[in-house]
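K.L.:
The following block contains the structure, expressed as structure tokens.
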Amino acid sequence: MQDIGTFNAYLKAQDNEVHRRLLADNVGDTFRWLMAMGVEFYGPIAAPPHRKSRMHNVLPNSRAYIYHLGKHARSIGVDIRTEVRAQELIVEDGRVVGVLGDTQNGQTEFRARGGVVLSTGDFAGNAEMRAKYLAPEVAHAQLVNPTNTGDGHRMALELGNRIVNPDLYHAGLRFKPPPQSWVTAIPPYRVITKLMNVALQTLPGWMLRPFMLSFLTTILAPEHKLFSAGALVINREGKRFSDERGDMIPKLLEQPCQFGYILLDARLVELFSKAPHVVSSAPGVAWIYLPDYRKTRKDVYRSGNTLPELTAAIGVPLQALEQTIQSYNSDISRPDGNRPAFGAGPYVALGPVHYHMAFSDSGVATNGKLQVLGPADKPIPGLFASGFIGLGGVLLEGHGHHLGWAFTSGRFAGRHAAFGVLSDGAAGTA
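Residue 616 in our numbering sits at position 219 of the sequence shown, with consecutive numbering throughout.
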């Protein structure tokens, strides 16, 4: 409870301590529940500022959640419908009793026995909501989850709800997604994941490192220390467009195709090839250096002994890049800039690097029972929320906390909805 508060302190936003307590008190049971479904974890792993090792990584990848929980749900008779878009909540006598959804056969009515649980994610994929609630540059960011279109938020707002901390979001520089590989295609069968866990617990680090990096370099972002040390960021025309130590995002989004390349000279290549100078980091799991990207992400790693070789590798005009470096080196003595000059090769270019928006960290207002609140913050009967849309203002900085919340809040919202069947008796049998 205290450690998550330490993570959240820098946000300077209002937290929901009721929901944070719900997570802290129950995520352990959620963890054991997931394992009972067949989900395998590697851990615990240190993740400061947590004072104890608490982070657990799912094996072999996040698809394991869908595989095992979907399998269990079908085994107990859950009717899972895909390609159905929820459009409108059905309200009768002040209570939410179902939802209207668009299907391939037209609009269909789905009735709820105990209650409706909104688990529709965030609103990052909704351009109108991004423009209304978030910073202007986010409107042009590439989306990690474009199908999170805020339908649940919209339906809740129509019933008098409000969004808590609407301006919070997670976005930043990311490399383009990698091509599919055999590592990311490993099936989440229990016998495979158990063998993986044994290997992770027993094999020496030098044997495991290449395997772990195959996952990590698909999701990590460049550290800002690259830029303070002197790395340059150029567009596809070979030109710098911003001071790399500041906020490059607005300018990056104005560049052709909205991407850039990170350039390193021989000094930087040597510096960021070994500890303590990392290109990317996953605290408690791995620290990623240039040789790791060279081995595992050849699609974003280009090199050349000379500038002509480098520009040929990334398709940037040589003359423009030479002028860019000359101009940069002549200006580094300015009062606002004290970085080293950009020197000789060999050179490395990392990229393309884009501005990606991962999620909007804003949910609808909910109470301690995960009931969605309406006018005057009174519960809307029959309507609950979990996951991103059910955040209710809880702040979840740090690795794994959003997943812990998704499963924990989902279990509680489902329980309270199911309790509505028992309490309503025959009235809830539709």
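The C-beta atom is built at its ideal place from N, Cα and C for all residues, glycine as well.
Counting Cβ pairs closer than 8 Å, one from the region 427-436 and one from the region 458-465, do we hit at least three?
P.N.:
Taking 8 Å as the limit for Cβ pairs, the verdict is that the region 458-465 does touch the region 427-436.
K.L.:
With a CB to CB cut of under 8 Å and the five nearest residues on each side skipped, what residues in its chain are close to aspartate 688?
P.N.:
For clarity, residue 688 is proline in the given sequence; the question names aspartate instead. Closer than 8 Å at the Cβ level, and outside the excluded window around proline 688, lie Ser670.
K.L.:
Can you give the Cα-Cα distance for glycine 512 and valine 475, rounded to whole angstroms?
P.N.:
Rounded to the nearest angstrom, the two C-alpha atoms are 15 Å apart.
K.L.:
With DSSP as the reference, identify every bridge partner of asparagine 726, one or two as the case may be.
P.N.:
Asparagine 726 is not bridged to any residue.
K.L.:
Contact check, valine 493 vs isoleucine 777 under 8 Å by CB: the rounded distance?
P.N.:
6 Å between Cβ atoms; contact.
K.L.:
Alpha carbon to alpha carbon, how far is threonine 693 from glutamine 577?
P.N.:
The alpha-carbon atoms of threonine 693 and glutamine 577 are separated by roughly 12 Å.
K.L.:
Can you tell me which of the three DSSP states threonine 708 falls into?
P.N.:
Threonine 708: helix per DSSP, three-state reduction.
K.L.:
Are the region 582-599 and the region 789-801 touching by the rule of at least three beta carbon pairs closer than 8 Å?
P.N.:
The answer is no - the region 789-801 does not touch the region 582-599, with fewer than three Cβ pairs under 8 Å.
K.L.:
In whole angstroms, what separates the C-alpha of tryptophan 430 from that of glycine 765?
P.N.:
Between tryptophan 430 and glycine 765, the C-alpha separation is close to 21 Å.
K.L.:
So what's tyrosine 407 in DSSP terms, helix, strand or just coil?
P.N.:
Three-state DSSP puts tyrosine 407 in a helix.
K.L.:
So is isoleucine 711 buried or exposed if we call it buried at 16+ other beta carbons inside 10 Å?
P.N.:
With 16 or more Cβ atoms within 10 Å of its Cβ, isoleucine 711 is classed as buried.
K.L.:
Rounded to a whole number of angstroms, what is the C-alpha to C-alpha distance between glutamate 383 and alanine 746?
P.N.:
Residue coverage of the chain in this structure runs from 398 to 827, which leaves residue 383 outside it and unanswerable.
K.L.:
Quick one: what does DSSP say methionine 452 is sitting in, helix, strand or coil?
P.N.:
If DSSP states are grouped into helix, strand and coil, methionine 452 belongs with the strands.
K.L.:
Where are the beta strand (DSSP E) runs, 3 residues long or more, that stay fully inside the region 542-578, in chain order?
P.N.:
Within the region 542-578, the complete beta strand (DSSP E) runs of at least 3 residues are 566-572.
K.L.:
Given this structure, state the Cα-to-Cα distance separating glutamate 414 from valine 791, to the nearest angstrom.
P.N.:
Distance between the alpha carbons of glutamate 414 and valine 791: 7 Å.
K.L.:
Would the region 693-704 and the region 734-743 be scored as touching if the rule is three or more Cβ pairs under 8 Å?
P.N.:
Because the criterion of three Cβ pairs below 8 Å is met, the region 693-704 and the region 734-743 touch.
K.L.:
Which runs of the alpha helix (DSSP H), 4 residues or longer, sit entirely within the region 501-532?
P.N.:
Fully enclosed alpha helix (DSSP H) runs of 4 or longer: 524-530.
K.L.:
In its own chain, which residues sit with a C-beta less than 7 Å from the C-beta of valine 676, not counting the 5 before and 5 after it?
P.N.:
So the qualifying residues of the chain are Pro619, Glu620, Leu623, Phe669, Ile685, Tyr686, Leu687 and Tyr690.
K.L.:
Taking 8 Å as the limit between beta carbons, can you name the residues of its chain near lysine 591, skipping five residues before and five after?
P.N.:
Excluding sequence neighbours, lysine 591 sits near Glu437.
K.L.:
Inspect the beta-carbon positions of histidine 567 and methionine 452 and report whether they are closer than 9 Å.
P.N.:
No, Cβ-Cβ distance for histidine 567 and methionine 452 is not below 9 Å.
K.L.:
Would DSSP call glutamate 480 helix, strand or coil?
P.N.:
If DSSP states are grouped into helix, strand and coil, glutamate 480 belongs with coil.
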